[in-house]
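Data block below; observations after.
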Amino acid sequence: AQSVTQLGSHVSVSEGALVLLRCNYSSSVPPYLFWYVQYPNQGLQLLLKYTTGATLVKGINGFEAEFKKSETSFHLTKPSAHMSDAAEYFCAVTRAGGAQKLVFGQGTRLTINP
Amino acid sequence: DVKVTQSSRYLVKRTGEKVFLECVQDMDHENMFWYRQDPGLGLRLIYFSYDVKMKEKGDIPEGYSVSREKKERFSLILESASTNQTSMYLCASSSRDRGYTFGSGTRLTVV
Chain A
512 AQSVTQLGSH VSVSEGALVL LRCNYSSSVP PYLFWYVQYP NQGLQLLLKY TTGATLVKGI
572 NGFEAEFKKS ETSFHLTKPS AHMSDAAEYF CAVTRAGGAQ KLVFGQGTRL TINP
Chain B
8 DVKVTQSSRY LVKRTGEKVF LECVQDMDHE NMFWYRQDPG LGLRLIYFSY DVKMKEKGDI
68 PEGYSVSREK KERFSLILES ASTNQTSMYL CASSSRDRGY TFGSGTRLTV V
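Heads up: the sequence lines are chains A and B, in that order.
The opening residue of the first sequence carries number 512 in the working numbering; numbering runs sequentially from there.
The opening residue of the second sequence carries number 8 in the working numbering; numbering runs sequentially from there.
Below you can see the structure in the form of structure tokens.
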């Protein structure tokens, strides 16, 4: 079975500071990995995904993530936080087989301090 | 752009009622999913469908059923609503090359 662990249910950073949201996964097969963002009262929006190829993936809004197989990690970073980045972030991994079922982490709520 | 539309943003239902949550997608995606979202638990898969009239249970199917009579529509049914089904429900659709698209969610309160 596949699983995802997001370290830290709440992360708070100052505007302009580095954002680091941690995600570790377990998978018995090569994973596809995703980060989604959810703004208040909205659905989930894809930030970025890793399928194959380059392990450093760039997404929207200045976010990027690096797939590290040896560490089973897919941490999300942004060099300089903006107030508009305040949201909940979800890491997800595909399960083996069938219709692209996603397994989600518990979510990390990001707060940006002025 | 792909659009996934959930018919209601907010619903309040009474315990024991039969509840229908509707989801429609407009891009001919093969796969459709129902998740529930609860604080601290992330999103958990209730049911999914990979074709018309086809369905599979997810991680938490108890108390729920689904219907997919047409490719674009996937309904979640709470046979007899209970207070522990108060939650945010998210529908999604996907295709192999387009990935996932989520609806805006339905916040259901069972009183």
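For each residue, glycine too, the CB sits at the ideal point set by N, CA and C.
Everything numeric in this text was worked out from a predicted model, so none of it was measured.
Own chain residues within Cβ distance below 6 Å of residue 591(A), not counting five before or after
Sequence-distant partners of residue 591(A) (beyond 5 residues in either direction) whose C-beta falls short of 6 Å from its own C-beta, in its chain, are 527.
According to DSSP, is residue 622(A) helix, strand or coil?
Residue state, collapsed to three classes: strand.
Looking at C-alpha atoms only, which residue of 619(A), 597(A) and 612(A) is the closest neighbour of residue 550(A)?
Among 619(A), 597(A) and 612(A), the Cα nearest to that of residue 550(A) is on 597(A).
Evaluate residue 19(B) with the Cβ neighbour count: other Cβ atoms within 10 Å of its Cβ, from every protein chain shown; 16 or more gives buried, anything less gives exposed.
With fewer than 16 other beta carbons inside 10 angstroms of its own, residue 19(B) counts as exposed.
Consult DSSP for residue 580(A) and reduce its assignment to one of helix, strand or coil.
In the structure shown, the three-state DSSP call for residue 580(A) is helix.
If I measure Cβ to Cβ from residue 545(A) and keep anything under 6 Å in the same chain, skipping five residues before and after, which residues do I get?
Answer for residue 545(A): 560 and 603, listed in chain order.
In this structure, what does DSSP give as the bridge partners for residue 40(B)?
Looking at the DSSP output, residue 40(B) bridges to 55(B) and 99(B).
Quick check for students: name the residue ranges of the beta strand (DSSP E) that lie wholly in the region 528-552 of chain A, counting only runs of 3 or more.
530-537 and 544-549, all fully within the region 528-552 of chain A.
Residue 589(A): contacting residues in chain B (beta-carbon distance under 7 Å):
Around residue 589(A), no beta-carbon contact reaches into chain B at under 7 Å, the shortest distance being about 21 Å.
Pick out whichever of 66(B), 15(B), 48(B) and 16(B) has its Cα sitting closest to the Cα of residue 40(B).
The residue with the shortest Cα to Cα distance from residue 40(B) is 66(B).
Under a CB-based cut-off of 8 Å, is residue 569(A) close to chain B?
Chain B contact via Cβ: absent.
DSSP-derived helix/strand/coil call for residue 516(A):
If DSSP states are grouped into helix, strand and coil, residue 516(A) belongs with the strands.
Taking only three categories from DSSP, how would you classify residue 61(B)?
Looking at residue 61(B) - three-state DSSP - the assignment turns out to be strand.
Mind listing which residues of the region 14-33 of chain B have their C-beta closer than 7 Å to chain E's C-betas, in chain order?
Absence of chain E from the displayed structure is noted, the protein chains being A and B.
Between the region 39-60 of chain B and chain A, which residues of the former have a C-beta closer than 7 Å to a C-beta of the latter?
For the region 39-60 of chain B, the beta-carbon criterion of a distance under 7 Å to any beta-carbon of chain A is satisfied by 47, 48, 49, 50, 52, 55 and 57.
Near-chain A residues of the region 63-92 of chain B - C-beta to any C-beta below 7 Å
Along the region 63-92 of chain B, none of the residues has a CB nearer than 7 Å to a CB of chain A.
Closer than 7 Å to a non-hydrogen atom of the ligand GDP - does that hold for the CB of residue 604(A)?
Although the ligand GDP was asked about, the structure shown includes no ligands whatsoever.
Span separating the alpha-carbon of residue 68(B) from that of residue 625(A)
Computed Cα separation, rounded: 43 Å.
Any C-beta of chain B within less than 9 Å: which residues of the region 542-569 of chain A qualify?
Going along the region 542-569 of chain A in chain order, one finds 545, 547, 549, 552, 553, 554, 555, 556, 557 and 560 with a Cβ nearer than 9 Å to chain B.
Can you name the residues of chain A whose CB is closer than 8 Å to the CB of residue 6(B)?
Because chain B is modelled from 8 through 118, residue 6(B) falls outside the range shown and cannot be assessed.
Figure out for me which residue from 52(B), 95(B), 45(B) and 10(B) has the closest Cα to the Cα of residue 73(B).
Considering only alpha carbons, the answer is 52(B).
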